[in-house]
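Our numbering puts the first residue of the sequence shown at 245, with every later residue one more than the last. The block underneath contains the structure these notes are about, expressed in C-alpha cells.
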Amino acid sequence: MRVKYITILFVFGLLNFTSVGQDTDNDGLSDSFETENNEAGDEGDDVQGYDPLVNDVDGDGLSDGAETDNDNPQSIFDNPFGVQGCGDECPTFANPEVLSPFKADSDGDGRSDGDEVNGGDAQIKTDPTVADSDGDGLNDGDEISLGTDPNDEDSDDDGLTDFEEADSETGTGTDPNSAHSDATTDFPQGDGINDGDEINGTRNGQDGFPVTDPLKIDSDNDGLKDGDEDDPDPNDPDFDNDGLLDGEEVTGFAYDETSESFTTQFTLDNASILDPNDPDSDDDGICDGAEIDIDGADPTLSNTWYADSDGDGFGNSESVLSTESCVSTGYVLDNTDCDDEDADVFPGAPAKADGKDNDCDGNIDKGDQTITFDLAATATFGAEPIALTASSTSELTVSLAVTSGPGTITSGNLTITGAGTIVVTASQAGDDLWNAAENVVRELVVAKASQTITFELQATATFGSDPITLSATSSVSTLAVEYAVDGPGKIEEGKLVITGAGTITVTASQPGNDNYSAAESVVRTVTVPKVEQTLTFELISEATFGAAPIPLTATSSQDTIKVILTVAGPATITDGVLTITGAGTITVTASHPGNDIIAAAESIVRTLVVAKASQSITFAAINDVIFGDAVISLSATSTSELAIEYAVTGPAELAGGNLTFTGPGTVTVTASQGGDENYAAAESVTNTFCVNPEMPTITNTNNVLNTGVTGTHTWFKDGSLIDGEVSNSLAVTESGTYSVTVTIGGCTSQSAEADAVVTGLIDDLKTSLKVYPNPTVSYLKLELHNTQQQPFNV
C-alpha cells in the first residue's frame, strides 16, 4: 500500500511539473509547448524531440529555447555571440534556419553549437550554422584541431590559405600556423621569405622572383639562405660555374651538402672577396675552383701560370697562360721543366737507362733494374731437380747460387741433397747503363720424405702356444722396424711370447732420421681367449620361516676355482650355510668372475620361497560376572609372541587390556593376531559370558511387590513359579514367601526374596496373632482397621 501511495504522489507531481504556462527546465520554452512537441525531431537528429524536464536535450551547451526561434526572448538568433549592448550591430547567423535544438553539431563541422557560440576550450567563437566560417576550405572543427583560426582563411598571413597548406592530398605541406615553415632553432625566420612568396615567386606583392622550396632554408644547397640569394640564383648552387658553391665563395668556408653546414675554412689570404658571379675572381686565367685545389695557389691573388704540356706537374717557362681565359687544367705555377714534351723528364724524376737527363740535374743517369725470381716455397726430399728461372728488367743475365742449405745448382737446375732450408740468391751486377740490381733471396723448405710400414699378424692365439715370429718392414729398406707390446705378451728375439689370456696389442714403428719422417705406426692385435668354466649349484625351492639353516654346495668345472655365493632376500650366508631370517623370496646366486686365464662363469640363480610360520592363540574362558563387579584384565597370548588385539561386543568397554562393564547383558570378547611379514594370521578365539544384573531389592506397598528395575521378571511363591507374571510389580493376595529374578540381555540375576507377607482379616484381636513366616526378614508392618476403616494400634 505504501508503494502505491508513492506512485500516486509521483504522478500528481509530474502533472504539476508540466502545468500549462510553466517552464520547469528554464529553457525559455513552456512545458506545454515541449510536451506537445516531444517528437519534433527529424530523422538523423541526436534526440527525438523536446523534453520539459531537460534544459538542453542535445547537450550542446545551448538551451532548447536559445536554439528554437527568433521570437523567443532567450533565442541567440538575435545576438548569436552573446555580445552585450550591441543593438542593431549584433552579429547574425549566415543560415539561422540550420540551427537545431535536437543536434549537438548543427552544421556538422566537428564543433558543438555551444562551443561555437561561446568559444569552447579554444576561446574562439564561430558560426554554428556554417561548417566553414572563414570559407578557406577547412571546417571549423578541423581548424581548431590544427590550431588555425577558423575565422581567418590565412591564419599565418603567409599568402596561402589554411586549406592550401594543410590539406592532406593537395596541400603544400607547409605549416598553416607559421609563415616560415623552414624555420629552425638557429634561424627562427627560416630563409627570410614567407611560404606564399616562395611558392608563388613573389616578394612583397611583386611577381617575377625565383620559386623556391618553402620547406628548405637553402633550396639549392649551396650554403646560402634563399632570402640572401636573389642574386645569384637561389636555385643554382654554382652560378658562375667555377667549381665552387656560391656559399663557399661568399663565406670562404667549404660547404658539406650532407650535413648542410660549413666545415673547413679555405687557406686563402682574402677568402671573403671571391665573387660568386665571376668564375676567375683574381683574373689570372685559372677558374676559382681549380685554384682552390692546387697547392700554393690563391684564387684571390693573381698568379702567373705556365703550360704543362706533358702533364708531369712541371711547366714550360716559355709558355705563359693568358689572363683573359678561365681554364681549370693544363697549367701549373712551376716553370722548371727542362723538357715539357717528355713526361719522364722533370726535376726529381727517377733515373732511367735511356741516355737522358731525367731529373733535370744536367747529368745522364743510369737506370735502376729489378730482378724477377720465383721459387717454390716447399719441396720434399727425393723430389726431381728443380729448373730455376730468373730475369731482370735490364734483360741482363742473372746469376743464381745456393748460399746455404742441402742443395746444389748445376746448369740452372737445383738438386735437393737433404731435408732442411735451402737459400738461393739471384743477383745482377749492372753495366754502363744500369745500376746493380738488389739481390733477390728465395728460401725452399725441404720436408722429410715419408715412409710406410708393412706388418701382418695372426688375429688369434691360444694360451700356452709357441711364440709368434714378427716380420714388419719399412718402405725404406735401410731403416729397421721397432716393436712395442701391450697386454699379456712380450717380445723376445723378434718373436711374440704369450704370457696370459686377453688382447695383445703389437705396435710396429720406425722413428725416421734426418731425411725421412717417422712412419705412421701400424697396430695389430692378437686375441687370446680365456679358458671356459661352468658351475653346478642346486637349492630346495620351498621352506617355512623358522626352518633350520641349509648347507649350500656349489662347484666349478675348474678345480682351482672357489664359487662365490651371494644372497638377496630374508636370509644370510655364513661359511656356506644359508640361514633364513624371514618369510619371502630368497635368491641365491652362484658366480665366479674368472681371472687372467679363466673366463667368468655363467651365474646360476636359485630361488627359495619361504612361507610364513603359523601361530595359535591361548585365551582362557571368562566366567559370568555380576554388573558392578571389578574390572577384568584380559590376558590372551600367541605362540608367535606378537601382540594380541581384542574386539568387544555387548555392554562393556576395553581400555589398555582392561574390560569394564557398562550394564548387564551378554558380552563377547574376540582375541586375534593378524600376523606380520613372518607369521600368518592366527585363528581368532572368542569368549562369551554374562554380565548378570545385580540382585534386585523388593519393596512392598499395600501388598504390591515392586523391584523398581527394568527387565524380564520371574516371580515365585513359596519356591513355585508364578505363571504369566514378568513385570517388575506383583500384587499379593495370599500370604506366603515371594521371590523374583530379573533377566536383561539374556543374563539373569540372583533370586531376591520379599519380606514376610500377611494378608487377610483378623476377627478377634483379643486372641493371639500369628505371624508367618516366622521369623520374618527385616521388619513387619501391621495395619489394623476397624469397621469404619480407622486404624488403631496393637
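For every residue, glycine included, the Cβ atom is placed at its ideal position computed from N, Cα and C.
query	result
If distances are taken between C-alpha atoms only, which option among Pro-594, Gly-909 and Val-750 comes closest to Glu-897?	Gly-909
Measuring only the C-alpha atoms, how far is Thr-428 from Ala-410?	20 Å
May I have the straight-line CA-CA distance separating Asp-675 from Thr-647, to the nearest angstrom?	24 Å
Along the chain, where does the beta strand (DSSP E) that runs through Phe-558 open and close?	Neither: Phe-558 is in no beta strand (DSSP E) and is coded neither H nor E.
Given a threshold of 16 other Cβ atoms within 10 Å of its Cβ, counted over all protein chains shown, does Ile-461 qualify as buried or as exposed?	buried
What residues in its chain sit with their C-beta under 7 Å from that of Ser-553, if we drop five residues either side in the sequence?	Asn-560, Asp-584 and Glu-585
Buried or exposed: Gln-702, going by 16 or more other Cβ atoms within 10 Å of its Cβ?	exposed
Closest to Leu-949 by CA distance: which of Asp-962, Glu-938, Ala-924 and Asp-999 is it?	Asp-999
Output yes or no for whether 9 Å exceeds the beta carbon distance between Gly-356 and Thr-373.	Just to set this straight, residue 356 is Ser in the shown sequence, not Gly. Not in contact: Ser-356 and Thr-373 (Cβ atoms no closer than 9 Å).
Threshold first: 3 residues or longer. Then list the beta strand (DSSP E) segments lying entirely within the stretch 562 to 639, N to C.	615 to 617, 622 to 624 and 634 to 636
Just to confirm before moving on: does the CB-CB distance between Val-772 and Ile-748 stay below 9 Å?	yes
I'd like the ranges of any beta strand (DSSP E) spanning at least 3 consecutive residues and lying wholly in the stretch 340 to 422.	none
Compute the beta-carbon to beta-carbon distance between Ala-745 and Ser-753, rounded to the nearest angstrom, for a pair I have assumed lies under 8 Å.	Not really, about 26 Å apart at Cβ, beyond 8 Å.
Where does Val-970 land, buried or exposed, given buried means 16+ other C-beta within 10 angstroms?	exposed
Return the first residue and the last residue of the alpha helix (DSSP H) that Val-494 is part of.	490 to 495
Can you tell me whether DSSP reads Thr-279 as helix, strand or coil?	helix
Taking the C-alpha atoms as reference points, what is the distance between Asp-271 and Gly-309?	5 Å
Would a C-beta distance cut-off of 9 Å place Val-767 and Leu-714 closer than the cut-off?	no
What three-state label does DSSP hand Asn-657 in the structure shown?	strand
Spell out a yes or no on whether the stretch 840 to 854 and the stretch 773 to 790 are touching, meaning 3 or more CB-CB pairs, one atom from each, closer than 8 Å.	yes
If you reduce the DSSP assignment to three classes, tell me which class Glu-442 lands in.	helix
Going by C-alpha to C-alpha distance, which of Asn-931, Leu-886, Ser-884 and Ser-882 sits closest to Leu-903?	Asn-931
Which residue's Cα is closest to the Cα of Ile-615: Ala-680, Val-929 and Glu-568?	Ala-680
Alpha carbon to alpha carbon, what distance is there between Thr-652 and Thr-633?	15 Å
Quick check on Lys-469: buried or exposed, where buried means 16 or more other Cβ atoms within 10 Å of its Cβ?	buried
Starting from the Cα of Asp-598, find the closest Cα among Gly-664, Tyr-550, Leu-677 and Val-564 and give me that residue.	Leu-677
Suppose you measure from the CA of Ser-572 to the CA of Thr-544; what does that come to, to the nearest Å?	15 Å
Rounded to whole angstroms, what is the Cα-Cα separation between Thr-336 and Ser-344?	16 Å
Taking the C-alpha atoms as reference points, what is the distance between Ala-229 and Thr-881?	Examination of residue 229 is not possible in this model, given that the chain is present from 245 through 1038 alone.
If we count Cβ pairs, one from each stretch, closer than 8 Å, do we get three or more for the stretch 917 to 935 versus the stretch 949 to 959?	no
Is the distance from the Cβ of Glu-889 to the Cβ of Ala-857 below 9 Å?	no
In whole angstroms, what separates the C-alpha of Ala-515 from that of Gly-529?	Any reading at Ala-515 is ruled out, since the residue's pLDDT is 49, under 50, leaving its predicted position unreliable.
Scan the stretch 811 to 877 and note each continuous alpha helix (DSSP H) run of 4 residues or more that stays entirely inside, going in chain order.	none
I believe Asp-609 touches Cys-582 by the beta-carbon criterion, under 8 Å. Please report the beta-carbon distance rounded to the nearest angstrom.	That pair is no contact at about 13 Å.
For Glu-535, name the three-state secondary structure that DSSP assigns.	helix
For Gly-592 and Gly-557, I'd like the C-alpha separation in whole angstroms.	11 Å
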